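Numbering (this note's numbering), first residue to last: 2 to 159.
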C-alpha cells in the first residue's frame, strides 16, 4: 500500500476479495513503516484487515528492537527490513547486532522477519544465521508477475 491508502475504507474489502479469488492463498497487506501510527484510525484499519483474515506486513523497517516490542496491538505478521540493513551485513558487526536484536524482539511478538535487498550469498547466509526467516533481493532473482514466473514457482504455495 501507499501511505495515502492506509486506512482507506475500501482497501480491506478489496484485499479480502483478492484473497477469495486466489484459490486459498493468503493475501498480506504491505504497509510502509512510515505510515504505522498508534492512533485509533490506524488501529481500526488493522483490526479490519485481521478480522477479514488478511496478513499484515510493515516494510522499510530500519529501526531498533524497542520499536518492535513497543505495542503488541500493532505487531505485524511480517516485518520487512529496509534494504540498507542487508547490504553488506556480512561485513558489518553493527548491522549484524541490529538485525539480531530486531529478530529476537520480533519473535516475542510472533512476527516473522524478512531481509530485503539481499544481493549476495554471503548476505543471505549472514541474515539466515542471525535468525531471519525469509529474504528477498537479487540473490533470489528479480520480482516478476506470477503469470510470467517459471511453472514450478507459479504452482507453489505462497
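The beta carbon of each residue, even a glycine, is placed where N, CA and C say it ideally should be.
Because the structure is a prediction, the values reported are computed rather than measured.
- Segments assigned alpha helix (DSSP H), at least 4 residues, entirely inside the segment 84 to 144: Entirely contained in the segment 84 to 144, the alpha helix (DSSP H) runs reaching 4 residues are, in chain order, 84 to 87, 94 to 109, 122 to 130.
- Query: Going by Cα to Cα distance, which pick from 67, 44, 63, 64 is closest to residue 57?
  - Reply: Selected option, being the one with the closest Cα: 44.
- Message: Check this for me: beta carbons of residue 4 and residue 49, under 8 Å apart or not?
- Response: Not a contact, by the Cβ cut-off of 8 Å.
- Taking one C-beta from the segment 122 to 130 and one from the segment 89 to 100 each time, how about it: are there three or more such pairs within less than 8 Å? At 8 Å Cβ cutoff, the stretches touch.
- Closest to residue 137 by CA distance: which of 26, 35, 81 is it? With distances taken between Cα atoms, residue 137 lies closest to 81.
- Item | Cβ pair residue 87, residue 117 closer than 8 Å | In this structure, residue 87 places its C-beta atom within 8 Å of the C-beta atom of residue 117.
- Message: Spatial neighbours of residue 63 within its chain, please: C-beta separation below 8 Å, excluding the five flanking residues on both sides.
- Response: Sequence-distant Cβ neighbours of residue 63 in its own chain, meaning closer than 8 Å and more than five residues away, are 34, 82, 83, 85, 86.
- In chain order, what residues of the same chain lie with their CB nearer than 7 Å to the CB of residue 6, ignoring the 5 residues before and after it? The beta carbon of residue 6 is closer than 7 Å to those of 12 in its chain, skipping five residues each way along the sequence.
- Query: Which residues mark the beginning and the end of the beta strand (DSSP E) in which residue 33 is found?
  - Reply: 29 to 33 is the extent of the beta strand (DSSP E) around residue 33.
- Leaving out five residues before and five after residue 1 in sequence, what residues of the same chain have Cβ atoms less than 8 Å from its Cβ? There is simply no residue 1 to check, as the chain begins at 2 and stops at 159 in what is shown.
- Query: Can the beta-carbon of residue 47 be found closer than 8 Å to that of residue 28?
  - Reply: Contact: no.
- Item | Cβ-based burial, residue 38 [other Cβ within 10 Å; buried from 16] | Residue environment: residue 38 is assigned as exposed (fewer than 16 neighbouring CB atoms within 10 Å of its CB, all protein chains considered).
- Item | Given residue 40 as reference, the closest of 72, 61, 51, 59 once Cα atoms are compared | Selected option, being the one with the closest Cα: 72.
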